[in-house]
Amino acid sequence: MHTKSHHQSNSGTCVFRGEAGDCLTAELWGSLHGLKLAWDLGFRKVILEVDSSDAVELMKQPTPATHEDRCLIEEIKGMLAREWCVEIQLISRWANEAADQLAEAGLYAMPGFQVLSLADEGLHRVLMRDAG
Numbered sequence: 468m469h470t471k472s473h474h475q476s477n478s479g480t481c482v483f484r485g486e487a488g489d490c491l492t493a494e495l496w497g498s499l500h501g502l503k504l505a506w507d508l509g510f511r512k513v514i515l516e517v518d519s520s521d522a523v524e525l526m527k528q529p530t531p532a533t534h535e536d537r538c539l540i541e542e543i544k545g546m547l548a549r550e551w552c553v554e555i556q557l558i559s560r561w562a563n564e565a566a567d568q569l570a571e572a573g574l575y576a577m578p579g580f581q582v583l584s585l586a587d588e589g590l591h592r593v594l595m596r597d598a599g
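Residue numbers (our numbering): 468 to 599.
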């Protein structure tokens, strides 16, 4: 499973690919890894763009006690509770062309969290257009 969550910095673009799970689980894992990366890089004002309304709801509402991703959701909430400003934005799945390209790249990546080079000019252009 791959996720469309991504982060761009001067060092590259990140993509997360897990071994198994559904799209919601992948979106949650991508969000957690993106938050951890932003924190570790010292960013304290972050916009987390998510294209799953279910994922946004799980991050903002009380976690159902029986949810299969409960531990993952609680870890995300722990990250959100840190001393920083994180704005969670629901974005259109269709408006995020960069995410589609990153998801495709994730199909060929090793499982886990990967940093991809921005040497691919096509991907770099798409990221800049989406960010604009």
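The C-beta atom is built at its ideal place from N, Cα and C for all residues, glycine as well. Fair warning: this is a prediction, and the values are worked out from it, not measured in the lab.
{"Check": "Helix, strand or coil at I543 according to DSSP, with G and I counted as helix", "Outcome": "helix"}
{"Check": "Limits of the unbroken beta strand (DSSP E) element including E516", "Outcome": "512 to 517"}
{"Check": "Paired residues, beta bridge with V593 - DSSP", "Outcome": "Paired residue(s): none; V593 is not in a bridge."}
{"Check": "Beta-carbon separation (whole angstroms), I514 vs E542, contact threshold 8 Å", "Outcome": "With 8 Å as the limit, I514 and E542 do not qualify as a contact, their Cβ atoms being about 20 Å apart."}
{"Check": "Pair within 8 Å by beta-carbon distance, S520 and L547", "Outcome": "no"}
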